[in-house]
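Participant:
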Amino acid sequence: MAGTPDILLYHEEVSYYSFRVRMALAIKDLKYKKRRVNLFLSENLEPWYMRLNPSGLVPILQHGETIVCDSDKILRYLDDAFPETIQLCPDESTNEGHMCDYFKRLSDKIDVHTITMIAPRFPEITKVKPRNPMFANAIHDQAPELCEKYANDFPDLAEAYLAKKKLKLEELLRLEDEELVETAIHACEDVMTKLEEELARNDADMMQDKVQWLCGERFTSADIYWAATLYRLEEMGYDDRYWANGKRPHIEAYYEQIRSYDCFRKSEPSRCLLLMAKMRPHLPWVLAVGGAAVAAGVIYALIKSRNGGKFPSIFAKEKIWVWTE
Ligand SMILES: N[C@@H](CCC(=O)N[C@@H](CS)C(=O)NCC(=O)O)C(=O)O
8 MAGTPDILLY
18 HEEVSYYSFR
28 VRMALAIKDL
38 KYKKRRVNLF
48 LSENLEPWYM
58 RLNPSGLVPI
68 LQHGETIVCD
78 SDKILRYLDD
88 AFPETIQLCP
98 DESTNEGHMC
108 DYFKRLSDKI
118 DVHTITMIAP
128 RFPEITKVKP
138 RNPMFANAIH
148 DQAPELCEKY
158 ANDFPDLAEA
168 YLAKKKLKLE
178 ELLRLEDEEL
188 VETAIHACED
198 VMTKLEEELA
208 RNDADMMQDK
218 VQWLCGERFT
228 SADIYWAATL
238 YRLEEMGYDD
248 RYWANGKRPH
258 IEAYYEQIRS
268 YDCFRKSEPS
278 RCLLLMAKMR
288 PHLPWVLAVG
298 GAAVAAGVIY
308 ALIKSRNGGK
318 FPSIFAKEKI
328 WVWTE
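Taking the numbering used here, the leading residue of the sequence shown gets 8, the next gets one more, and so forth.
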């Protein structure tokens, strides 16, 4: 593995933008350390993090003394800082560079935030069922108050906290915005149609035996953008609506190709975390059944030990499982 160990990625496992950066680091085969910033516990609002990135957003890449915020800037930085690694952002003056920019902007037309955080509240509009339940309560209604408190407690960060508080209040107001969800869902449909057309055109141009990515033979940052976008749409249950089962066969095939790319698999959010999130609503049942099983085990062991290592049969003639005290 190439690279330097003094790279530290502040990220959230399930964050869309963090996924982009993890993928870039995997493709570049760069060794790095990770520090999870738990957005579900508002760790990104803690002063130590706001000092690193006053916008309180993940991811951040720290390379030695250099701190880079924003996934797109990080991708570009990694190309510049490690020119010997696979380059992901082609020169903007080339045809490949134009295409890369075009596909990235196309992906950014999808309102991922609304689709992830707000749309699940309106299943009658989306007509889909999220596979990842983690986002259901991801917007904290306490966040504005927390920002206010931190603004008072840490005057050096007051400006950043008050700006964040304003954004968090706006975010809360959008929670009930049905129209916003309608717009996001339909805009996404249009973007998918456009992507399908572009991929069909690429397919027609495709040279035999050559893997075709969005901008040609090379995997670029445009593919990273789309890998993260299609993954998120799938997590939120939109694959059936937008591309699966032959609906948009070129997107289906392209996503299949992405999914089988080992750098994608290495960078996916932890399965264990997702499983835990899925189990969470059933936690009372899991605890009750688990607790009952443990209690039964203890009683069984106790009875056995009191009866010389044997568990009495319920058909036994004599009653042998008596307490000896
Ligand atoms: N433009 C930024 C966006 C980063 C972003 O929105 N991150 C989200 C997680 S996917 C976040 O940190 N949200 C926390 C918050 O809004 O307070 C990038 O590309 O890195």
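Ideal Cβ positions, reconstructed from N, Cα and C, are used throughout, including at glycine.
1) Going by the beta-carbon positions, is the gap between A235 and R27 smaller than 8 Å?
2) Would the C-beta of N209 count as close to ligand 1, meaning under 7 Å from any of its heavy atoms?
3) Counting only runs that start and end within the region 73-154, where is the alpha helix (DSSP H) found for 4 or more residues in a row?
4) Determine the DSSP secondary structure at W250, reduced to helix, strand or coil.
5) Using a Cβ-Cβ cutoff of less than 6 Å, which residues in the same chain neighbour Q69 once the five nearest sequence positions on both sides are dropped?
6) Quick one: is D230 buried, meaning 16 or more other Cβ sit within 10 Å of its Cβ, or exposed?
7) Find the nearest neighbour of M57 within the set L187, A165, N252, judged by alpha-carbon distance.
8) Would you say the beta carbon of V65 comes nearer than 7 Å to a heavy atom of ligand 1?
9) Taking all protein chains shown into account, do 16 or more other C-beta atoms lie within 10 angstroms of the C-beta of E332, making it buried, or fewer, making it exposed?
10) Under 8 Å, Cβ to Cβ, is there at least one residue of chain C near K38?
11) Could you give the DSSP three-state label for V301: helix, strand or coil?
12) What are the complete alpha helix (DSSP H) segments, minimum 4 residues, inside the region 209-243?
13) Would you say the beta carbon of D4 is closer than 7 Å to some non-hydrogen atom of ligand 1?
14) Could you please give the first and the last residue of the uninterrupted alpha helix (DSSP H) stretch that includes H70?
15) Following a CB-centred definition, is N159 positioned closer than 7 Å to any heavy atom of ligand 1?
16) Do you know offhand how far K111's Cα is from A303's?
17) Please confirm whether any heavy atom of ligand 1 lies closer than 7 Å to the CB of Y39.
18) With respect to 7 Å, is the separation between the Cβ of E19 and the closest non-hydrogen atom of ligand 1 below this value?
19) Are the CB atoms of N139 and L237 nearer to each other than 8 Å?
20) Which residue from K171, N144, K311 puts its Cα closest to that of L153?
21) Taking DSSP as the reference, what is the three-state secondary structure of Y168?
22) Looking at the unbroken beta strand (DSSP E) that takes in H18, where does it start and where does it end?
23) So what does DSSP say about L37, is it helix, strand or coil?
24) Are the beta-carbon atoms belonging to P66 and H120 less than 8 Å from one another?
25) Would the beta-carbon of E203 fall within 8 Å of that of I258?
26) Who pairs with R58 in a beta bridge, going by DSSP?
27) Quick check on DSSP: helix, strand or coil for E42?
28) With a threshold of 16 other CB atoms inside 10 Å of the CB of S114, please say whether the residue is buried or exposed.
29) Cβ-heavy atom distance between N252 and ligand 1 below 7 Å?
30) What residues in its chain sit with their C-beta under 7 Å from that of F129, if we drop five residues either side in the sequence?
31) Is Y232 near ligand 1, judged by its Cβ being under 7 Å from some heavy atom?
32) Quick check: the Cα distance between K173 and S22, rounded to an integer number of angstroms?
33) May I ask whether a heavy atom of ligand 1 can be found less than 7 Å away from the beta carbon of L46?
34) The alpha helix (DSSP H) spanning F271 covers which residue range?
Facilitator: Here's the rundown:
1) Within the sequence shown, the letter at position 228 stands for residue 235. Within the sequence shown, the letter at position 20 stands for residue 27. Yes, they are a contact pair.
2) Here residue 209 corresponds to residue number 202 of the sequence shown, with the count starting at 1. Incorrect: N209 has no Cβ contact closer than 7 Å to ligand 1.
3) 78-88, 102-115, 130-133
4) Within the sequence shown, the letter at position 243 stands for residue 250. Residue state, collapsed to three classes: coil.
5) For the purposes of this step, residue 69 is taken as the residue at position 62 of the sequence shown. For Q69, where only same-chain residues beyond five positions count, the Cβ hits under 6 Å are L15.
6) What you label residue 230 is simply residue 223 of the sequence shown in a count that begins at 1. Buried, because 16 or more other Cβ atoms sit within 10 Å of the Cβ of D230.
7) Taking the sequence shown and counting its residues from 1, the one referred to as residue 57 is at position 50. Nearest option by C-alpha distance: A165.
8) Here residue 65 refers to the residue found at position 58 of the sequence shown. The answer is yes for V65.
9) On the sequence shown, position 325 is the one that residue 332 refers to. Only weak support is given to the placement of E332: the predicted model assigns it a pLDDT of 48, under 50, and the question is left unresolved by the model.
10) The structure shown contains no chain C, having only a single protein chain.
11) To locate residue 301, count along the sequence shown from 1; it is residue 294. Looking at V301 - three-state DSSP - the assignment turns out to be helix.
12) 228-242
13) The first residue shown for the chain is 8 and the last is 332, placing residue 4 beyond what the model contains.
14) Position 63 of the sequence shown, counting from 1, holds the residue named residue 70. From DSSP, H70 is part of no alpha helix (DSSP H) but of the beta strand (DSSP E) over 67-70.
15) Start at 1 with the first residue of the sequence shown, and residue 159 comes out as number 152. Outside the cutoff, so no.
16) For the purposes of this step, residue 111 is taken as residue 104 along the sequence shown, with counting starting at 1. For the purposes of this step, residue 303 is taken as residue 296 along the sequence shown, with counting starting at 1. Rounded to the nearest angstrom, the two C-alpha atoms are 57 Å apart.
17) Here the question's residue 39 lines up with position 32 in the sequence shown. Not so, every heavy atom of ligand 1 lies at least 7 Å from the Cβ.
18) Counted from its first residue, the sequence shown places residue 19 at position 12. Answer for E19: yes, Cβ within range of ligand 1.
19) As a working note, residue 139 is residue 132 in the sequence shown. As a working note, residue 237 is residue 230 in the sequence shown. No, the pair does not count as a contact, with Cβ atoms beyond the cut-off.
20) Taking the sequence shown and counting its residues from 1, one reaches residue 153 at position 146. Cα-wise, what sits closest to L153 is K171.
21) As a first step, residue 168 must be located in the sequence shown, where it is residue number 161. If DSSP states are grouped into helix, strand and coil, Y168 belongs with the helices.
22) Position 11 of the sequence shown, counting from 1, holds the residue named residue 18. Start and end: 14-18.
23) Taking the first residue of the sequence shown as position 1, residue 37 is located at position 30. In the structure shown, L37 sits in a strand (DSSP, three-state: E or B).
24) Indexing the sequence shown from 1 puts residue 66 at position 59. Indexing the sequence shown from 1 puts residue 120 at position 113. Not a contact, by the Cβ cut-off of 8 Å.
25) If you number the sequence shown from 1, residue 203 lands on position 196. If you number the sequence shown from 1, residue 258 lands on position 251. Contact: yes.
26) Along the sequence shown, read from residue 1 onward, the residue named residue 58 stands at position 51. R58 is not bridged to any residue.
27) On the sequence shown, position 35 is the one that residue 42 refers to. Sequence inspection shows Arg at residue 42; the Glu mentioned does not correspond to that position. R42: strand per DSSP, three-state reduction.
28) Taking the sequence shown and counting its residues from 1, one reaches residue 114 at position 107. Counting Cβ neighbours within 10 Å, S114 comes out buried, since at least 16 surround it.
29) Working through the sequence shown from its first residue, we reach residue 252 at position 245. Not so, every heavy atom of ligand 1 lies at least 7 Å from the Cβ.
30) Stepping through the sequence shown from its first residue, residue 129 is reached at position 122. For F129, where only same-chain residues beyond five positions count, the Cβ hits under 7 Å are E185, V188.
31) As a position in the sequence shown, residue 232 is number 225, starting the count at 1. It does not: the Cβ of Y232 is nowhere closer than 7 Å to a heavy atom of ligand 1.
32) The residue labelled residue 173 in the question sits at position 166 within the sequence shown. The residue labelled residue 22 in the question sits at position 15 within the sequence shown. Cα to Cα, K173 sits roughly 22 Å from S22.
33) Your numbering for residue 46 matches position 39 in the sequence shown. Flag set: Cβ of L46 near ligand 1.
34) By one-based count along the sequence shown, residue 271 stands at place 264. 269-274 is the extent of the alpha helix (DSSP H) around F271.
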